[in-house]
Structure formats: structure tokens, C-alpha cells
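Some notes on the structure that comes next.
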Amino acid sequence: MTEPTRATVRQRLYAFLIAGLGGLAASAVSFSMAVYEAAHPPETPAVAAGQQIDTGRWFVTLRSARIGTISPTGVPPSNPKQLIMVDLDVVNRSAMPNNLLGKVVVPAPLAAPAGAVPEIPTTYLDRDKYFANHINPNMPERVTMAWTWPQDMPVPETLTVIVKGEIYKLRDNLYGATGWYDGDPVATVELPVERVP
């Protein structure tokens with residue numbers, strides 16, 4: 001092997017070595033950043049009642065919270081029960097009617113045993129005083145979401161509501177289909193709980 005050939009091979013080996021070390025350093029930095037971000041998630045901003053929140057699929061404006069024994073339909077239940085109700089304005093920004101608002105607006109963990117308060121609320125349209133089966137696109141609606149609260153549990157003075165974001169993907173990773181997918185919480189809202197009949 002001639003001297004110029006040896007020099008060329010040596011230069012190529014150095015180039016491969018430097019590129020490999022650079023890639024290894026980039027991987028280490030990326031991994032370290034991912035671990036740090038997982039250990040120190042950003043705080044969810046607190047938003048005042050009456051302020052509009054953009055969740056991706058919805059515009060949500062939380063108004064008030066109350067506890068009572070009669071649902072928004074106005075019909076007393078056959079079995080007495082307490083309901084924690086949250087009044088809010090919503091706009092469905094997607095192209096299809098849907099009723100998935102219960103996954104977006106959720107109360108923070110309450111002072112009740114696990115499973116005592118249902119995860120998914122019943123949603124009522126205020127204009128009809130009836131169940132909100134689907135909320136149409138780009139049509140502002142005022143709705144009431146109601147969760148059953150155990151009779152023997154003390155009622156909280158304030159209710160913290162978590163508003164979760166949703167992400168639109170043109171193609172998902174599994175089927176390659178379009179859709180809205182759960183995202184991180186985008187806001188929390190503190191609502192005083194009013195007591196009504």
C-alpha cells in the first residue's frame with residue numbers, strides 16, 4: 001500500500017470515528033433531555049372562570065359550579081342523589097358532530113373514594129334542558145355537565161376542573177387514519193361550589 005493510499009484510508013477512518021462520536025453525543029443529549037422533561041413536566045396554567053380555553057377540538061369557557069339534587073332537566077330523580085354540576089360554553093371546532101366533551105373537561109381528583117364519582121359526566125344542553133347527544137360543529141352551546149356525588153360524602157367548597165387538550169393527526173401511527181387524540185392538560189379552573197336545591 002502506498003503512502004498516499006494509507007493517508008486516505010486513515011482520513012476516512014478518522015471521519016467515521018468523529019461522525020460516530022458526534023452521533024453518540026447527540027443521542028446522549030437527546031436522552032438526557034427526555035428524562036429531564038419527564039421528571040419536570042411543565043405546570044398546567046390556571047385560568048379564571050369565564051375565560052375561553054382552546055383545547056384543539058373545542059373552545060371551552062367554564063362559568064360556574066353548583067351542587068344540587070335536581071338535574072338540569074328539572075325532573076326530580078326517583079332515587080334521591082346529589083349532583084355536582086358545571087356550567088360551561090362550548091364550541092365544537094371539528095368537522096363532525098360529537099359528544100366527547102366528557103373526556104376533555106374533568107374534575108381534579110376529589111375527596112371521594114375511588115369509583116364513587118363517575119369519570120364520564122352526563123352532559124345537558126341548556127337550551128333544551130335535555131341530554132346533549134351530539135354537539136354540532138361551529139355552533140356555540142351552553143351546556144351543563146353533571147357528576148353524581150355520594151350522599152354521605154362532604155361537598156368541597158371549591159371544585160378544580162382540569163381541561164385536557166386534543167391533538168389532530170392527519171395520519172395516526174397505527175392505521176394511518178385521521179383523528180383527534182388525547183393530549184396534555186391545557187388549563188385548570190377553580191370554581192366555587194354553590195349550593196342549590
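All the letters of the sequence shown, read from the start, carry residue numbers 1 to 197 under our numbering. All residues carry an ideal CB built from backbone N, CA and C; glycine is no exception. This structure is a prediction, so every number in the text was calculated from the model and none was measured.
- Take T188, set aside five residues on each side of it, and the residues of its chain with a beta-carbon closer than 8 Å to its own are T44, P45, A46, V47, A108, T160, V161, I162, V163, in chain order.
- Secondary structure of S94 (DSSP, three-state): coil.
- If only uninterrupted beta strand (DSSP E) runs of at least 3 residues are considered, those enclosed by the region 2-57 are 52-54.
- Separation of the CB atoms of S71 and A146 is rounded to 6 Å, and the pair is thereby assigned contact status at 8 Å.
- DSSP, reduced to helix, strand and coil, places K103 within a helical segment of the structure shown.
- Residue environment analysis places R57 among the buried positions, since at least 16 neighbouring C-beta atoms fall within 10 angstroms of its C-beta.
- According to the DSSP assignment, V186 belongs to the beta strand (DSSP E) that extends over 179-195.
- Between D184 and Y14, the alpha-carbon positions lie close to 45 Å from each other.
- With fewer than 16 neighbouring CB atoms inside 10 Å of its own CB, G23 falls in the exposed class.
- Rounded to whole angstroms, N99 and A34 show a C-alpha spacing of 35 Å.
- When the alpha-carbon of T55 is set against those of V105, P76, L21, the nearest one is in V105.
- With respect to the 9 Å criterion, P150 and Q82 are classified as neighbours on the basis of their beta carbons.
- For A108, the three-state secondary structure derived from DSSP is coil.
- Across the structure, T178 and Y168 are spaced so that their CA atoms are roughly 7 Å apart.
- In the DSSP assignment, G74 falls outside any beta strand (DSSP E) and carries neither an H nor an E.
- Listed in chain order, the beta strand (DSSP E) elements of length 3 or more contained wholly in the region 121-151 are 122-125, 141-149.
- The Cβ-Cβ distance between T123 and V143 falls below 9 Å.
- In the structure shown, L174 adopts coil according to DSSP, grouped into three states.
- When C-alpha distances from G165 are compared across G20, T73, W180, the shortest belongs to W180.
- G74 is positioned such that its CB atom lies no closer than 9 Å to that of R63.
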